[in-house]
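Residue numbers (our numbering): 1163 to 1399.
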């Protein structure tokens, strides 16, 4: 991005204000949270938009709520917050492990869970860990809130199931309960590396047998993928 290029960036104070901006084609802008992906893309030559709408620090997107069966994580929650949150460690350890591998400390402090998902890179570190939960994405617009299962959210390379005017507001993720979760990332170096391959799993073992299995990979296809045949093979073993 050249210094002389200009972007009209709006800074709404509330989600309602952001939704009003996005609802009108005349004020709708590229959604911008931490900017850790978009700023790099623009600097590399990706055309800059005329307008952008900043979602950074919107209070409605920054909360984590713990319910009986699931955790709801605001789209604006940063990787650093996930990495250090004890409740997320307890209920979603694979997501914590994934968040801890995103870039370096500075990137984790700015990058958000919603931004990582919306960027829709096959190498997005948190995607496999999200997929194995069997959870969903909540998208809001002036028309209301729509819930999209995560396995249908990433539709193609860098494309997501989001309509014009919609904003990702949260992720609704079932707790692991007694299941065991793991996350593994392989890159060219131990830190600040783009993933060559990632794997996340959630396995429930009862009386020495696998009762349920969820396994997801990243960086192996245009979108993160669940390994349904492998999961089915493991159940009962």
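By construction, the Cβ of each residue, glycine as well, lies at the ideal position given by its N, Cα and C atoms.
{"Asked": "Three CB pairs or more closer than 8 Å across the segment 1204-1212 and the segment 1244-1264", "Found": "no"}
{"Asked": "Any 3 or more C-beta pairs closer than 8 Å across the segment 1301-1311 and the segment 1365-1385", "Found": "no"}
{"Asked": "DSSP state of residue 1248 mapped onto helix, strand, coil", "Found": "helix"}
{"Asked": "Residue 1366 beta carbon less than 9 Å from that of residue 1332", "Found": "no"}
{"Asked": "Distance between residue 1219 and residue 1165 (C-alpha atoms, nearest Å)", "Found": "With a pLDDT of 45 at residue 1165, under the threshold of 50, the modelled position of that residue is not reliable, and the figure given next carries that caveat. C-alpha separation (whole angstroms): 25 Å."}
{"Asked": "Proximity below 9 Å, CB of residue 1276 to CB of residue 1217", "Found": "yes"}
{"Asked": "Coil, strand or helix - residue 1269 by DSSP", "Found": "helix"}
{"Asked": "CB-CB length for residue 1256 against residue 1388, believed under 8 Å", "Found": "Contact flag wrong, Cβ pair sits at about 14 Å."}
{"Asked": "Segment contact, 8 Å Cβ cut-off, at least three pairs: the segment 1188-1197 with the segment 1285-1300", "Found": "no"}
{"Asked": "DSSP state of residue 1242 mapped onto helix, strand, coil", "Found": "helix"}
{"Asked": "Rounded straight-line distance, which links the Cα of residue 1288 to that of residue 1278", "Found": "7 Å"}
{"Asked": "According to DSSP, residues forming a beta bridge with residue 1343", "Found": "1364"}
{"Asked": "C-beta atoms of residue 1286 and residue 1303 nearer than 9 Å", "Found": "no"}
{"Asked": "Residue 1301, DSSP secondary structure in three states", "Found": "strand"}
{"Asked": "Three-state class that DSSP yields for residue 1397 in the structure shown", "Found": "coil"}
{"Asked": "Between the CA atoms of residue 1268 and residue 1359 - distance to the nearest angstrom", "Found": "23 Å"}
{"Asked": "Cβ separation of residue 1340 and residue 1233, assumed to be a contact under 8 Å, to the nearest whole Å", "Found": "Not quite, the Cβ-Cβ distance comes to about 16 Å (not below 8 Å), so this is no contact."}
{"Asked": "Check: residue 1325 C-beta below 8 Å from any heavy atom of the ligand SAH", "Found": "This structure lacks the ligand SAH; in fact it carries no ligand of any kind."}
{"Asked": "Proximity winner among 1176, 1334, 1350, relative to residue 1215 (alpha-carbon distances)", "Found": "1176"}
{"Asked": "Of the residues 1283, 1237, 1317, the one placed nearest residue 1203, counting alpha carbons only", "Found": "1283"}
{"Asked": "Distance CB(residue 1274)-CB(residue 1237) smaller than 9 Å", "Found": "yes"}
{"Asked": "Simplified DSSP state of residue 1221, which is helix, strand or coil", "Found": "helix"}
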